[in-house]
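Okay, so the sequence shown: first residue is 0 according to numbering that gives the first Met the number 0, each after it adds one.
From the three backbone atoms N, C-alpha and C, an ideal C-beta is built for every residue, glycine too.
All figures in this text were calculated on a predicted structure; none of them were measured in a lab.
Here the structure comes first, spelled out in C-alpha coordinates, and everything after it is commentary.
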Amino acid sequence: MRLFKYDEYLEVDESTYIFNILKQEARQALVKNPLINQLLCKTIFSHSAFNESLAWCVVDKLHMDGGQFRDWYLVVIEIYQKNPKMINQALSDLHAFRGRDPACYGYLQIMLFFKGFIALQCYRVAHELYSQGKKETAIFIQSRISEVLSIDIHPAAKIGSGIMIDHAHCIVIGETVIIGNNVSLFHSITLGGTGKEQGDRHPKIGDNVTIGTGAKILGNIKIENNATVAAGSVVLECVLEGKTVAGVPARVVEEH
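Below is the structure:
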(Lines of atoms letter the chains of each structure in order from A and count residues from 1; the text may use other names and numbers.)
(Lines give C-alpha, C1' and ligand atoms only; values in the text may rest on other atoms or scores of the structure.)
Protein backbone atom coordinates (compact mmCIF):
# COMPACT_ATOMS: atom_id res chain seq x y z
CA MET A 1 0.00 0.00 0.00
CA ARG A 2 1.34 3.44 -0.91
CA LEU A 3 2.56 5.89 1.71
CA PHE A 4 1.29 9.48 1.85
CA LYS A 5 2.60 12.46 3.79
CA TYR A 6 -0.30 13.46 6.04
CA ASP A 7 1.51 16.35 7.66
CA GLU A 8 5.04 17.72 7.81
CA TYR A 9 6.32 14.92 10.04
CA LEU A 10 4.07 11.90 9.51
CA GLU A 11 3.84 9.38 6.68
CA VAL A 12 0.81 7.08 6.66
CA ASP A 13 -0.49 4.34 4.41
CA GLU A 14 -3.16 5.17 1.85
CA SER A 15 -6.12 3.83 3.83
CA THR A 16 -5.14 5.93 6.86
CA TYR A 17 -4.58 8.96 4.64
CA ILE A 18 -8.05 8.64 3.06
CA PHE A 19 -9.70 7.94 6.43
CA ASN A 20 -8.13 11.13 7.82
CA ILE A 21 -9.59 13.03 4.86
CA LEU A 22 -12.99 11.42 5.50
CA LYS A 23 -12.91 12.53 9.13
CA GLN A 24 -11.89 16.04 8.12
CA GLU A 25 -14.69 16.27 5.55
CA ALA A 26 -17.15 14.86 8.08
CA ARG A 27 -16.22 17.52 10.65
CA GLN A 28 -16.69 20.23 8.03
CA ALA A 29 -20.03 18.75 6.96
CA LEU A 30 -21.26 18.57 10.53
CA VAL A 31 -20.80 22.32 11.03
CA LYS A 32 -23.11 23.06 8.10
CA ASN A 33 -25.45 20.07 8.46
CA PRO A 34 -26.16 19.26 12.13
CA LEU A 35 -29.13 17.08 11.12
CA ILE A 36 -26.76 14.40 9.83
CA ASN A 37 -24.85 14.20 13.12
CA GLN A 38 -26.11 10.66 13.85
CA LEU A 39 -25.20 9.45 10.37
CA LEU A 40 -21.68 10.85 10.60
CA CYS A 41 -21.19 9.35 14.05
CA LYS A 42 -22.24 5.88 12.89
CA THR A 43 -20.31 5.90 9.63
CA ILE A 44 -17.13 7.86 10.40
CA PHE A 45 -16.59 9.13 13.93
CA SER A 46 -17.28 5.81 15.69
CA HIS A 47 -14.48 4.02 13.83
CA SER A 48 -10.72 4.03 14.10
CA ALA A 49 -9.79 2.88 10.59
CA PHE A 50 -11.00 2.96 6.99
CA ASN A 51 -11.81 -0.76 6.84
CA GLU A 52 -14.07 -0.49 9.90
CA SER A 53 -15.98 2.44 8.43
CA LEU A 54 -16.33 0.72 5.06
CA ALA A 55 -17.55 -2.51 6.68
CA TRP A 56 -20.19 -0.56 8.61
CA CYS A 57 -21.39 1.14 5.41
CA VAL A 58 -21.61 -2.20 3.59
CA VAL A 59 -23.61 -3.93 6.32
CA ASP A 60 -25.85 -0.92 6.88
CA LYS A 61 -26.74 -0.84 3.19
CA LEU A 62 -27.79 -4.49 3.38
CA HIS A 63 -30.47 -3.33 5.88
CA MET A 64 -29.79 -6.09 8.40
CA ASP A 65 -31.94 -6.00 11.52
CA GLY A 66 -30.34 -5.15 14.85
CA GLY A 67 -29.99 -8.75 15.94
CA GLN A 68 -27.75 -9.74 13.02
CA PHE A 69 -25.97 -6.48 12.31
CA ARG A 70 -22.96 -7.21 14.52
CA ASP A 71 -22.59 -10.76 13.15
CA TRP A 72 -22.51 -9.46 9.57
CA TYR A 73 -20.16 -6.64 10.54
CA LEU A 74 -17.67 -9.09 12.04
CA VAL A 75 -17.86 -11.27 8.92
CA VAL A 76 -17.04 -8.31 6.65
CA ILE A 77 -14.22 -7.08 8.93
CA GLU A 78 -12.68 -10.56 8.87
CA ILE A 79 -12.88 -10.66 5.09
CA TYR A 80 -11.08 -7.30 4.87
CA GLN A 81 -8.40 -8.40 7.32
CA LYS A 82 -7.69 -11.55 5.32
CA ASN A 83 -7.92 -9.80 1.94
CA PRO A 84 -6.17 -6.41 2.11
CA LYS A 85 -6.40 -6.28 -1.69
CA MET A 86 -10.12 -5.53 -1.25
CA ILE A 87 -9.29 -2.37 0.70
CA ASN A 88 -6.91 -1.31 -2.08
CA GLN A 89 -9.71 -1.91 -4.59
CA ALA A 90 -12.12 0.20 -2.54
CA LEU A 91 -9.58 3.03 -2.36
CA SER A 92 -9.04 2.81 -6.11
CA ASP A 93 -12.81 2.96 -6.65
CA LEU A 94 -13.01 6.04 -4.42
CA HIS A 95 -10.34 7.76 -6.50
CA ALA A 96 -12.17 6.77 -9.70
CA PHE A 97 -15.39 8.47 -8.58
CA ARG A 98 -13.50 11.50 -7.26
CA GLY A 99 -11.55 11.92 -10.48
CA ARG A 100 -14.18 11.12 -13.11
CA ASP A 101 -17.51 12.32 -11.75
CA PRO A 102 -17.87 16.11 -12.19
CA ALA A 103 -20.71 16.14 -9.64
CA CYS A 104 -18.40 14.80 -6.92
CA TYR A 105 -16.92 17.29 -4.43
CA GLY A 106 -15.35 14.98 -1.83
CA TYR A 107 -14.61 11.46 -0.61
CA LEU A 108 -17.25 11.60 2.12
CA GLN A 109 -19.97 12.18 -0.47
CA ILE A 110 -18.89 9.02 -2.32
CA MET A 111 -18.56 6.88 0.79
CA LEU A 112 -21.98 7.74 2.20
CA PHE A 113 -24.21 8.66 -0.72
CA PHE A 114 -22.98 7.20 -4.03
CA LYS A 115 -24.81 3.92 -4.41
CA GLY A 116 -22.56 2.83 -7.27
CA PHE A 117 -19.59 2.87 -4.90
CA ILE A 118 -21.24 1.05 -2.01
CA ALA A 119 -22.84 -1.52 -4.34
CA LEU A 120 -19.38 -2.31 -5.71
CA GLN A 121 -18.06 -2.90 -2.20
CA CYS A 122 -21.03 -5.13 -1.37
CA TYR A 123 -20.35 -7.08 -4.58
CA ARG A 124 -16.70 -7.50 -3.59
CA VAL A 125 -17.73 -9.03 -0.26
CA ALA A 126 -20.22 -11.30 -2.02
CA HIS A 127 -17.58 -12.33 -4.57
CA GLU A 128 -15.19 -13.36 -1.81
CA LEU A 129 -17.90 -15.40 -0.08
CA TYR A 130 -18.84 -16.99 -3.41
CA SER A 131 -15.18 -17.91 -3.99
CA GLN A 132 -15.16 -19.59 -0.57
CA GLY A 133 -18.09 -21.78 -1.61
CA LYS A 134 -20.62 -19.83 0.49
CA LYS A 135 -22.85 -19.34 -2.52
CA GLU A 136 -26.17 -18.90 -0.75
CA THR A 137 -24.78 -16.13 1.47
CA ALA A 138 -23.21 -14.44 -1.55
CA ILE A 139 -26.42 -14.63 -3.58
CA PHE A 140 -28.34 -13.29 -0.58
CA ILE A 141 -26.12 -10.19 -0.67
CA GLN A 142 -26.68 -9.93 -4.43
CA SER A 143 -30.43 -10.10 -3.88
CA ARG A 144 -30.40 -7.47 -1.12
CA ILE A 145 -28.39 -5.01 -3.19
CA SER A 146 -30.68 -5.57 -6.16
CA GLU A 147 -33.72 -4.83 -4.00
CA VAL A 148 -32.21 -1.86 -2.19
CA LEU A 149 -30.20 -0.17 -4.94
CA SER A 150 -31.50 -1.53 -8.28
CA ILE A 151 -28.02 -2.86 -9.07
CA ASP A 152 -27.76 -6.57 -9.87
CA ILE A 153 -24.17 -7.87 -9.93
CA HIS A 154 -23.74 -11.63 -9.88
CA PRO A 155 -21.15 -12.54 -7.21
CA ALA A 156 -19.30 -14.82 -9.64
CA ALA A 157 -18.52 -11.91 -11.98
CA LYS A 158 -14.92 -10.69 -11.94
CA ILE A 159 -14.44 -6.92 -11.62
CA GLY A 160 -11.16 -5.03 -11.44
CA SER A 161 -10.35 -1.85 -9.54
CA GLY A 162 -10.76 1.84 -10.26
CA ILE A 163 -14.39 1.29 -11.29
CA MET A 164 -16.90 4.14 -11.47
CA ILE A 165 -20.62 3.38 -11.79
CA ASP A 166 -22.24 6.80 -12.24
CA HIS A 167 -25.82 7.18 -10.92
CA ALA A 168 -25.86 3.37 -10.88
CA HIS A 169 -29.54 2.75 -11.48
CA CYS A 170 -30.77 -0.39 -13.28
CA ILE A 171 -27.33 -1.99 -13.72
CA VAL A 172 -27.17 -5.70 -14.60
CA ILE A 173 -23.84 -7.58 -14.64
CA GLY A 174 -24.08 -11.28 -15.40
CA GLU A 175 -22.42 -14.34 -13.90
CA THR A 176 -19.51 -14.78 -16.34
CA VAL A 177 -18.77 -11.09 -16.95
CA ILE A 178 -15.15 -9.97 -16.59
CA ILE A 179 -14.41 -6.25 -16.20
CA GLY A 180 -10.89 -4.86 -16.22
CA ASN A 181 -9.45 -1.85 -14.43
CA ASN A 182 -10.35 1.85 -14.69
CA VAL A 183 -13.72 1.22 -16.34
CA SER A 184 -16.56 3.77 -16.28
CA LEU A 185 -20.16 2.54 -16.39
CA PHE A 186 -23.26 4.72 -16.52
CA HIS A 187 -26.84 3.94 -15.52
CA SER A 188 -29.20 1.46 -17.18
CA ILE A 189 -26.38 -0.71 -18.55
CA THR A 190 -26.77 -4.43 -19.16
CA LEU A 191 -23.78 -6.75 -19.47
CA GLY A 192 -25.80 -9.86 -20.18
CA GLY A 193 -26.35 -12.93 -22.30
CA THR A 194 -28.26 -13.41 -25.52
CA GLY A 195 -30.44 -16.15 -24.05
CA LYS A 196 -29.06 -18.60 -26.60
CA GLU A 197 -25.83 -19.63 -24.83
CA GLN A 198 -24.90 -21.74 -21.82
CA GLY A 199 -21.78 -21.59 -19.67
CA ASP A 200 -19.43 -18.69 -20.43
CA ARG A 201 -22.01 -16.42 -22.00
CA HIS A 202 -21.37 -12.83 -20.90
CA PRO A 203 -19.18 -9.92 -22.06
CA LYS A 204 -15.50 -9.40 -21.28
CA ILE A 205 -14.62 -5.73 -20.75
CA GLY A 206 -11.00 -4.55 -21.03
CA ASP A 207 -9.17 -1.77 -19.20
CA ASN A 208 -9.99 1.94 -19.55
CA VAL A 209 -13.35 1.27 -21.23
CA THR A 210 -16.29 3.68 -21.05
CA ILE A 211 -19.84 2.34 -21.45
CA GLY A 212 -22.53 4.97 -21.90
CA THR A 213 -26.00 5.25 -20.43
CA GLY A 214 -28.47 2.59 -21.51
CA ALA A 215 -25.96 0.50 -23.46
CA LYS A 216 -26.63 -3.22 -23.79
CA ILE A 217 -23.68 -5.54 -24.40
CA LEU A 218 -24.88 -9.07 -24.98
CA GLY A 219 -23.11 -12.39 -25.35
CA ASN A 220 -19.59 -13.71 -24.80
CA ILE A 221 -17.90 -10.88 -26.70
CA LYS A 222 -14.88 -8.70 -25.97
CA ILE A 223 -14.80 -4.94 -25.54
CA GLU A 224 -11.08 -4.37 -25.78
CA ASN A 225 -8.93 -1.82 -23.93
CA ASN A 226 -9.62 1.91 -24.35
CA ALA A 227 -12.86 1.33 -26.27
CA THR A 228 -16.02 3.41 -25.87
CA VAL A 229 -19.62 2.25 -26.19
CA ALA A 230 -21.97 5.16 -26.83
CA ALA A 231 -25.19 5.69 -24.90
CA GLY A 232 -28.14 3.60 -26.04
CA SER A 233 -26.06 1.21 -28.12
CA VAL A 234 -26.77 -2.50 -28.47
CA VAL A 235 -23.47 -4.33 -28.91
CA LEU A 236 -23.57 -7.86 -30.31
CA GLU A 237 -20.04 -8.13 -31.73
CA CYS A 238 -16.52 -7.60 -30.37
CA VAL A 239 -15.20 -4.05 -30.21
CA LEU A 240 -11.51 -3.66 -31.00
CA GLU A 241 -9.05 -1.64 -28.94
CA GLY A 242 -9.52 2.10 -29.11
CA LYS A 243 -12.73 1.98 -31.14
CA THR A 244 -15.93 3.91 -30.39
CA VAL A 245 -19.16 2.19 -31.34
CA ALA A 246 -22.73 3.51 -31.45
CA GLY A 247 -26.16 2.51 -32.68
CA VAL A 248 -28.54 -0.45 -32.79
CA PRO A 249 -26.81 -2.66 -33.61
CA ALA A 250 -23.58 -0.88 -32.71
CA ARG A 251 -21.10 0.04 -35.44
CA VAL A 252 -17.68 1.73 -35.33
CA VAL A 253 -18.00 5.51 -35.52
CA GLU A 254 -14.59 6.67 -34.27
CA GLU A 255 -11.08 5.48 -33.49
CA HIS A 256 -8.97 6.89 -30.66
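### Task
Specify the secondary structure class of Arg99 as computed by DSSP and reduced to three states.
helix
#### Entry: Rounded straight-line distance, which links the Cα of Leu184 to that of Gly132
29 Å
### Query
What residue ranges within the stretch 183 to 209 form continuous beta strand (DSSP E) runs of no fewer than 3 residues, ordered along the chain?
189 to 191
### Message
So, under 8 Å CB-CB, Asp206 and Gly179 are touching, yes? Tell me the CB distance rounded to an integer number of Å.
### Response
4 Å
### Query
Using the rule of at least 16 other Cβ atoms within 10 Å of the residue's Cβ for burial, across every protein chain shown, is Cys40 buried or exposed?
exposed
### Task
Report the rounded CA-to-CA distance for Phe112 versus Phe96, giving the unit in angstroms.
12 Å
#### Entry: Cβ pair Ile158, Thr189 closer than 9 Å
no
### Query
In this structure, does DSSP put Lys133 in helix, strand or coil?
coil
### Query
Given a threshold of 16 other Cβ atoms within 10 Å of its Cβ, counted over all protein chains shown, does Leu90 qualify as buried or as exposed?
buried
### Query
So the beta strand (DSSP E) Asp151 belongs to, where does it begin and stop?
150 to 152
### Task
State the Cα-Cα distance for the pair Tyr8 and Gln27, rounded to the nearest angstrom.
Because Tyr8 carries a pLDDT of 45, less than 50, the predicted location of this residue cannot be relied on, and no value is offered for it.
### Query
Counting pairs of Cβ atoms below 8 Å between the stretch 98 to 105 and the stretch 135 to 149, do you hit three or more?
no
### First and last residue of the uninterrupted alpha helix (DSSP H) at Ala25
13 to 31
### Query
Relative to the C-alpha of Ser130, which residue among Ile109, Asn82, Ile162 is closest?
Asn82
### Query
Hey, quick one: how far does the beta strand (DSSP E) through Ile170 stretch, first residue to last?
170 to 172
### Message
Are the CB atoms of Leu128 and Ile86 within a distance shorter than 9 Å?
### Response
no
### Message
Per the DSSP calculation, Leu217 is bridged to which residue(s)?
### Response
Gly191
### Query
Since Gly213 contacts Gly231 with CB under 8 Å, what's their CB separation in whole angstroms?
5 Å
### Task
With distances taken Cα to Cα, identify the nearest neighbour of Leu61 among Ser142, Ala249, Pro202, Ala226.
Ser142
### Task
Report all residues from its chain with a CB closer than 6 Å to the CB of Asp199; omit the five preceding and five following residues, and keep chain order.
Thr175, Asn219
### Query
Do Glu223 and Val238 have their CB atoms nearer than 9 Å?
yes
### Query
Given a threshold of 16 other Cβ atoms within 10 Å of its Cβ, counted over all protein chains shown, does Arg123 qualify as buried or as exposed?
buried
### Task
With distances taken Cα to Cα, identify the nearest neighbour of Leu119 among Ile164, His186, Ala137.
Ile164
### Message
Alpha carbons only, please: which of Gly211, Ala48, His126 is nearest the one belonging to Ala155?
### Response
His126
### Query
Candidates Glu236, Leu21, Gln67: which alpha carbon is nearest Phe49's?
Leu21
### Message
Give me the DSSP bridge partner(s) of Met110.
### Response
According to DSSP, Met110 bridges with nothing at all.
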